[in-house]
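Asker:
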Ligand code: SF4
């Protein structure tokens, strides 16, 4: 279909069922602005139909940058000796969580590097339990909703995290292409174990999120189309994706990358196609989009995203949690984020939901046994 350009209604009708891979590749490579706008509007309509116009916040606490792994793209990989390592004190994490509840965000994300030692696992369980206890109120009868983002673990460990009170988990696959995965990770890390962990998370009862990096060196539109079909096939509940942004102190820091505008546009197209394919899931407008475009997150919302993650990491630690360079909001006080994000959401005609977990509707549709 080399010359075919689709209208809004044609896009919507193409996505009534899962379209063939060629259709996804067509949209991932189109440069026709009218067609890109048609996809955007179709994705926005799909979002409003299946999820409504609420935007849900997850206050982001990057509680530790200690990591046992060495991903080739990541600024806090264990081999980067320039980073000052930290773990936020338990009381300070809980304090940030209490503030999150007070300003009515409803949910938070606890994120860190990946460690498998018992001490770390117990720490995560303990802070999760304390946050649940200390944020329970008449407004939040079950406390804040907690999403964990702490990497690959055993089924037993995931069950422990779930029992502690976390109910959502984000584990990004980064790419579903085996060769590309190998090219951005050391030999000890592999796609099979990532896939196994995603299965364990479902088995442990989590709402499960994943996502890929967009614009990686060596990545093709065909690979991204496969990633999208993977999202659909494995029935995930949530997605967090962002453009690849090189970090100078990593092995991938000097590789050639596509221009920023192109990477941003590809990231937005991936959000729209994810929405069109998966319909009632939660999709984040990530800060990585804003790193490349000052209004990248607003654009993400208008291409079908419905989740934002305001920074709650205590300011003194943020400089040492740079997974990529030029990360936005590093110096912002959390009170300023509150006002800034509200303005950004209103700019695109959407509403900030308050005191709600904002769970993925898809999860309930696929698992009516959740309690
Ligand atoms: S991406 Fe995650 S697991 Fe990989 S090095 Fe960075 S923090 Fe560690």
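In our numbering, the protein residues as written are 51 to 421.
The beta carbon of each residue, even a glycine, is placed where N, CA and C say it ideally should be.
Note that the coordinates shown come from a computational prediction; the quantities given were computed from them, not determined experimentally.
Go ahead and label residue 112 buried or exposed: buried means 16 or more other beta carbons lie within 10 angstroms of its beta carbon, across all protein chains shown.
Answerer: buried
Asker: State the start and end residues of the unbroken beta strand (DSSP E) segment that holds residue 352.
Answerer: Taken as a continuous stretch (DSSP letters only), residue 352 belongs to no beta strand (DSSP E), being part of the alpha helix (DSSP H) at 346-352.
Asker: Please say whether residue 138 and residue 306 have beta carbons closer to each other than 8 Å?
Answerer: Going by C-beta atoms, residue 306 is not nearer than 8 Å to residue 138.
Asker: Give the DSSP-derived three-state secondary structure of residue 271 in the structure shown.
Answerer: In this structure, DSSP gives residue 271 a helical state, which the three-state scheme calls helix.
Asker: By the 10 Å Cβ neighbour count, where 16 or more other Cβ atoms means buried, how is residue 69 classified, buried or exposed?
Answerer: buried
Asker: Do residue 196 and residue 163 have their CB atoms nearer than 8 Å?
Answerer: no
Asker: Alpha carbon to alpha carbon, what distance is there between residue 255 and residue 421?
Answerer: Low per-residue confidence applies at residue 421: pLDDT is 41, beneath 50, and the placement is therefore not dependable enough to give any value.
Asker: For the putative contact between residue 323 and residue 74, defined by C-beta atoms under 8 Å, what is the C-beta separation to the nearest angstrom?
Answerer: Yes, residue 323 and residue 74 are in contact; Cβ-Cβ is about 6 Å, under 8 Å.
Asker: Could you tell me if residue 98 is buried or exposed, where buried requires 16 or more neighbouring beta carbons within 10 angstroms of its beta carbon?
Answerer: exposed
Asker: Have a look at 77, 65, 63, 362 and flag the residue whose alpha-carbon is nearest the alpha-carbon of residue 54.
Answerer: 77
Asker: In the stretch 287-369, which residue ranges form an unbroken alpha helix (DSSP H) of at least 4 residues, counting only runs that do not cross its ends?
Answerer: 310-328, 337-342, 346-352, 365-368
Asker: DSSP on residue 421, reduced to helix/strand/coil?
Answerer: Here the model assigns residue 421 a pLDDT of 41, short of 50, so the residue's position is not dependable and the matter cannot be decided.
Asker: Cβ of residue 164 within 7 Å of any heavy atom in the ligand SF4?
Answerer: yes
Asker: Considering Cα atoms alone, identify which of 329, 177, 133, 71 is closest to residue 298.
Answerer: 133
Asker: Suppose the cutoff is 7 Å on Cβ atoms and the five residues either side in sequence are ignored; what does the same chain contact list for residue 282 look like?
Answerer: Around residue 282: 68, 327, 328.
Asker: By Cβ distance, which residues of its chain are closer than 6 Å to residue 109, with the 5 residues on each side in sequence left out?
Answerer: 150, 155, 158, 360, 362
Asker: Give me the Cα-Cα distance between residue 128 and residue 166, rounded to the nearest whole angstrom.
Answerer: Between residue 128 and residue 166, the C-alpha separation is close to 14 Å.
Asker: Of the choices 130, 213, 188, 186, whose alpha-carbon is the least far from that of residue 171?
Answerer: Closest by alpha carbon: 213.
Asker: Exposed or buried, which one is residue 414 when buried takes at least 16 other CB atoms within 10 Å?
Answerer: Around the beta carbon of residue 414, a 10 Å sphere encloses fewer than 16 other beta carbons of the protein chains shown; the residue is thus reported as exposed.
Asker: Do you know whose CA, among 210, 205, 269, lies nearest residue 229's CA?
Answerer: Comparing Cα-Cα distances from residue 229 to each of 210, 205, 269, the minimum goes to 269.
Asker: Helix, strand or coil: how does DSSP classify residue 114 here?
Answerer: strand
Asker: Could you tell me whether any non-hydrogen atom of the ligand SF4 is closer than 7 Å to the CB of residue 292?
Answerer: no
Asker: With distance defined between alpha-carbon atoms, name the residue in 388, 106, 88 nearest to residue 318.
Answerer: 88
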